[in-house]
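All remarks here apply to the structure that follows.
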Amino acid sequence: MPKFASSLFVAMLLGIPAPAVDTTLLNTVMPDARVVAGVNARRIKASDFGKFLLSQTEGEDRKFQEFILETGLDPRRDIDEILVSSKDGKHGSGILAVRGIFNTQQILSAVARKGGTATKYNDADLISPKADSKSVVAVVNGTFAIAGEAGEVRAALDRRAAAMPAVDAATVRKLDGLSARYDAWAFVRNPAGLAQGHARRHGASRLNAQSLEAVEEISSGIEFGPSMRISGEAIARSDKDATALADVFRFVAGLVQLRSGNPRPQVLADLLNSLEIKTEANRLTFSMAVPEAQLEEMIRNHRTAPVRPHRPNRPNRPARPA
C-alpha cells in the first residue's frame with residue numbers, strides 16, 4: 092500500500108473496537124470473504140487497559156504528530172470501529188473499513204500538498220496518494236472511510252450503497268456474535284487453503300496447512316478486563332478431526348514452551364501455562380489469560396529497554412582449504 096494509505100492504516104490501528112458489527116462496516120464485506128477481522132476501538136479506549144495504552148502514546152514521535160496536524164485525524168480520539176476483510180488473506184488484497192470522525196476538507200488539503208489527487212465516486216471522496224497509485228482511501232460524509240486497492244474500494248462502496256450485507260445470514264450472525272463478545276477478533280473460513288497459499292508464496296513448511304486441512308473455520312478474539320483473555324473455536328469436519336486438531340494445538344504449545352534461545356517474556360509463558368483446550372463433537376474451543384497488570388508491566392519494560400544497535404549482515408566467509 093502506498094505511503095499515505097499505509098500511514099493512515101497504521102494510524103488507525105494506533106487508536107486501538109458496539110455490541111454487533113456496525114451495519115455500514117458489515118455491508119462493505121465482500122460476499123466471498125474468507126478472512127474478516129474487527130477492532131472495537133471505542134470499547135477498548137473505555138477500558139482500563141485502553142486508557143493505559145493511550146497514556147503510553149503521549150509524546151509520540153514527530154511524524155505522528157505531523158500526521159495529526161496535517162489531516163486533523165487523531166486515531167486515539169477519532170476512530171470508533173475497524174473492520175478488515177479479504178478474499179484470500181494476501182497482503183494488500185483486502186479492504187479496511189473504519190467508522191470514526193474525519194475532517195474531509197483538511198485531509199483533502201493535506202493530500203493535495205503532497206501531490207496526491209482526489210476524485211468523486213458517488214458520495215465518497217476517493218483519495219490517491221499519487222496519480223498512478225493502485226490504492227486509494229475513500230472518505231464518506233466525514234464519518235466513514237475505506238482503504239484498499241481502487242477496484243475493491245469502489246466495489247465496497249457499491250455494497251454499502253445497497254444497504255444490506257453481501258455475505259450470507261449465517262456469516263452475519265457469526266460476525267455479530269464475535270463483535271458482541273470480543274474487543275478485537277478474527278474469523279477465517281477454510282484456513283488450510285490460506286496456509287497452503289502462504290507456504291507456496293514464502294517457501295514455508297506445509298505442516299501448518301496440513302494440520303488445518305480438516306478445519307472448516309476458525310474464530311478467535313481478545314477480551315480486556317482484569318485479565319487479558321484470548322479464546323476461540325475451530326469447527327472441524329468430524330469429531331475425530333477435532334480431537335486430532337486439539338492434539339496439534341497441545342503439541343505446538345509444548346514446543347513453544349520448550350523452545351531454547353532468548354528467554355521468553357513471562358507474559359507469554361503464563362499465557363501458555365493457562366491454556367485450556369476442549370472438544371465437543373466437531374467443535375474445539377481454547378482459552379488462555381494473563382493478568383492485565385502483568386501485560387502493562389511488559390509494555391513499560393519494552394518502552395524503556397535500550398535500543399540495540401543495528402548489526403549489518405556479515406559477508407560469508409570463504410571456505411577453508413582442505
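The sequence shown begins at 92 in our numbering and counts up by one. Ideal placement from N, C-alpha and C gives every residue a C-beta, glycine not left out.
Span separating the alpha-carbon of residue i from that of residue j
| i | j | result |
| --- | --- | --- |
| Phe-193 | Asp-179 | 29 Å |
| Gly-233 | Ala-344 | 45 Å |
| His-393 | Arg-264 | 39 Å |
| Phe-340 | Glu-388 | 28 Å |
| Lys-221 | Arg-320 | 42 Å |
| Ser-311 | Ala-275 | 9 Å |
| Arg-204 | Thr-162 | 11 Å |
| Thr-115 | Asp-259 | 16 Å |
| Leu-144 | Gln-197 | 27 Å |
| Ala-271 | Ser-176 | 18 Å |
| Ile-390 | Phe-155 | 20 Å |
| Thr-148 | Asn-373 | 43 Å |
| Ile-135 | Val-279 | 23 Å |
| Glu-324 | Thr-376 | 4 Å |
| Val-261 | Ser-200 | The sequence shown places Ala at residue 261, rather than the Val named in the question. Taking the straight line from one Cα to the other gives about 42 Å. |
| Ala-209 | Leu-117 | 25 Å |
| Gln-357 | Glu-308 | 31 Å |
| Asn-364 | Asp-267 | 30 Å |
| Phe-315 | Val-130 | 12 Å |
| Glu-371 | Leu-362 | 23 Å |
| Thr-195 | Ser-226 | 18 Å |
| Val-306 | Ile-313 | 21 Å |
| Gly-207 | Ala-229 | 13 Å |
| Gln-348 | Glu-304 | 25 Å |
Three-state secondary structure (DSSP) of residue i
| i | result |
| --- | --- |
| Arg-374 | strand |
| Met-319 | strand |
| Lys-154 | helix |
| Ser-329 | coil |
| Arg-190 | strand |
| Lys-211 | strand |
| Val-202 | helix |
| Ser-146 | helix |
| Glu-304 | coil |
| Gly-239 | strand |
| Asp-139 | helix |
| Lys-265 | helix |
| Ser-365 | coil |
| Ala-360 | helix |
| Ser-224 | coil |
Counterpart residues of residue i in DSSP-defined beta bridges
| i | result |
| --- | --- |
| Ser-311 | Ala-277, Gly-323 |
| Pro-382 | Ser-318 |
| Asp-219 | Per the sequence shown, the amino acid found at residue 219 is Ser instead of Asp. DSSP output for Ser-219 lists Thr-208 as bridge partner(s). |
| Leu-174 | Gly-129, Ala-188 |
| Ala-246 | The partner list for Ala-246 (beta bridge, DSSP) is empty, contrary to what the question assumes. |
| Ala-229 | Leu-217, Ile-237 |
Inter-residue CB distance, residue i and residue j (contact presumed, cutoff 8 Å)
| i | j | result |
| --- | --- | --- |
| Ala-253 | Val-120 | The Cβ separation is near 12 Å, so there is no contact. |
| Ala-277 | Ala-128 | 4 Å |
| Ile-186 | Gly-239 | 4 Å |
| Val-231 | Ala-215 | 5 Å |
6 Å Cβ shell around residue i - same chain, five flanking residues per side excluded
| i | result |
| --- | --- |
| Gly-191 | Asp-169, Ile-170, Asp-171 |
| Ala-188 | Leu-116, Thr-119, Leu-174, Ile-237 |
| Arg-133 | Asp-171 |
| Phe-140 | Phe-315, Glu-383 |
7 Å Cβ shell around residue i - same chain, five flanking residues per side excluded
| i | result |
| --- | --- |
| Arg-245 | Tyr-212 |
| Asp-165 | Ile-159 |
| Ala-337 | Ile-368, Thr-370, Leu-375 |
| Val-112 | Gly-129, Leu-174, Leu-266, Asp-267, Ser-270 |
| Pro-122 | Ala-257, Val-258 |
Cβ shell of residue i (< 8 Å), same chain only, five flanking positions each side left out
| i | result |
| --- | --- |
| Arg-125 | Ser-177, Lys-178, Asp-179, Gly-180, Val-279, Arg-280, Asn-281, Gly-284, Leu-285 |
| Pro-317 | Pro-382, Glu-383 |
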